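Residue numbers (this note's numbering): 10 to 186. Beta carbons: idealized from backbone N, C-alpha and C, even for Gly. Being a predicted model, the structure only gives us computed values, none of them experimental. For reference, the structure is listed below as structure tokens.
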Amino acid sequence: MNAMRHATLGLAISMGSLACSAQQATIPFGQIERGTQLYASLAAGGSEISSSSPLSSLSPGVADPEPYAAAFERVPPVAVPRVLNSKFYSLNGLHLGMAVFDVEMTQHCIAVHQCREGNPLMPSSLAGQLSIDFAFVGYSSFVSYRLKKHRSSMWWLSPTVGAAAHAVGVATGIAHY
10 MNAMRHATLG LAISMGSLAC SAQQATIPFG QIERGTQLYA SLAAGGSEIS SSSPLSSLSP
70 GVADPEPYAA AFERVPPVAV PRVLNSKFYS LNGLHLGMAV FDVEMTQHCI AVHQCREGNP
130 LMPSSLAGQL SIDFAFVGYS SFVSYRLKKH RSSMWWLSPT VGAAAHAVGV ATGIAHY
């Protein structure tokens with residue numbers, strides 16, 4: 010039985026987790042006297058396993074540790090809300106649809122010489138307008154995704170403002186149709 014205790018103590022020492030329960034510090038084995046009793050404590054994955062059989066006791070006033078109960082505790086997984094759901098796709102899809110509809114209405118209006126592009130920074134070509142609008146819609150979707158991922162209640166603001174701005178452009182195009 011003494012060999013079993015020494016093997017257990019050697020295993021605990023080799024794992025580097027033998028600690029003094031009174032001081033929560035590593036034990037300086039050169040200072041331990043012969044015949045002292047130790048209690049082994051093994052920490053694994055946040056759980057602590059203590060042996061109830063005395064391997065030695067560093068001081069006579071130290072109480073015995075709790076008896077061994079369970080090595081692992083089952084923790085249910087944390088439910089993470091889905092970021093990409095139907096609300097996210099609907100709102101960002103509406104923004105993309107309004108952006109494309111705005112460009113098409115503007116291009117039709119320019120083609121029949123009824124109006125011109127109101128934004129002086131926007132190119133007048135179809136490819137130029139679509140590329141800039143796709144960049145803005147992509148950035149807006151990215152911002153919306155990041156806000157929703159971090160559980161912000163304002164994730165819907167960016168695509169809603171974009172869709173409303175393009176709705177004004179669509180309404181102007183329909184008025185000049």
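Check whether P168 and S150 have beta carbons under 8 Å apart = Here residue 168 corresponds to residue number 159 of the sequence shown, with the count starting at 1. Here residue 150 corresponds to residue number 141 of the sequence shown, with the count starting at 1. Cβ atoms of P168 and S150: closer than 8 Å.
Please confirm whether V152 and A108 have their CB atoms less than 8 Å apart.
-> Counting from 1 along the sequence shown, the entry for residue 152 is found at position 143. Counting from 1 along the sequence shown, the entry for residue 108 is found at position 99. Cβ distance not < 8 Å, so V152 and A108 don't count as in contact.
How about L135 and V112: are their beta carbons less than 8 Å apart?
-> To locate residue 135, count along the sequence shown from 1; it is residue 126. To locate residue 112, count along the sequence shown from 1; it is residue 103. Contact flag set, yes.
Where the alpha helix (DSSP H) through A136 begins and ends = Counting from 1 along the sequence shown, the entry for residue 136 is found at position 127. Unbroken alpha helix (DSSP H) run through A136: L135 to K158.
Once you ignore the five residues that flank Y154 on each side, which residues in its own chain have a CB closer than 7 Å to its CB?
-> For the purposes of this step, residue 154 is taken as the residue at position 145 of the sequence shown. Cβ neighbours of Y154 beyond the five flanking positions: V92.
Hey, H117 and G182: beta-carbon distance below 8 Å or not?
-> As a position in the sequence shown, residue 117 is number 108, starting the count at 1. As a position in the sequence shown, residue 182 is number 173, starting the count at 1. Cβ distance < 8 Å, so H117 and G182 count as in contact.
A173: which of G106, K157, S140 and S133 sits nearest, CA to CA?
-> As a working note, residue 173 is residue 164 in the sequence shown. Comparing Cα positions, the closest option is G106.
Is the distance from the Cβ of V179 to the Cβ of M114 below 8 Å?
-> Sequence index remark: in the sequence shown, residue 179 carries index 170 (1-based). Sequence index remark: in the sequence shown, residue 114 carries index 105 (1-based). It is a contact, given that the beta carbons lie within the stated cut-off.
Just the Cα atoms here: how many angstroms apart are H122 and Y98?
-> Counting from one through the sequence shown, the residue named residue 122 turns up at place 113. Counting from one through the sequence shown, the residue named residue 98 turns up at place 89. For H122 and Y98, the distance between alpha carbons rounds to 36 Å.
Which class does V177 belong to by DSSP, given the choice of helix, strand or coil?
-> Working through the sequence shown from its first residue, we reach residue 177 at position 168. Helix.
With a CB to CB cut of under 8 Å and the five nearest residues on each side skipped, what residues in its chain are close to I119?
-> Taking the sequence shown and counting its residues from 1, the one referred to as residue 119 is at position 110. The residues are R125, E126 and S133.
Apart from the five residues just before and just after P86, which ones in its own chain have a Cβ nearer than 8 Å to its Cβ?
-> Your numbering for residue 86 matches position 77 in the sequence shown. Same-chain partners within the cutoff: there are none.
Could you pull out every residue in the same chain whose Cβ sits closer than 8 Å to the Cβ of L2, ignoring the five residues on either side in sequence?
-> Within the shown structure, residues of the chain are numbered from 10 to 186, placing residue 2 beyond reach of any answer.
Grab the span of the alpha helix (DSSP H) containing S161 for me, first residue to last.
-> In the sequence shown, residue 161 corresponds to position 152, counting from 1. Segment: none, S161 is in no alpha helix (DSSP H) and carries neither H nor E.
Nearest neighbour of S161, chosen from N11, P90 and V84 [CA to CA] | To locate residue 161, count along the sequence shown from 1; it is residue 152. Closest option to S161, Cα to Cα, is P90.
Taking just the CA atoms, how far does Y148 sit from N101?
-> Start at 1 with the first residue of the sequence shown, and residue 101 comes out as number 92. Start at 1 with the first residue of the sequence shown, and residue 148 comes out as number 139. Their backbone Cα atoms lie some 11 Å apart in a straight line.
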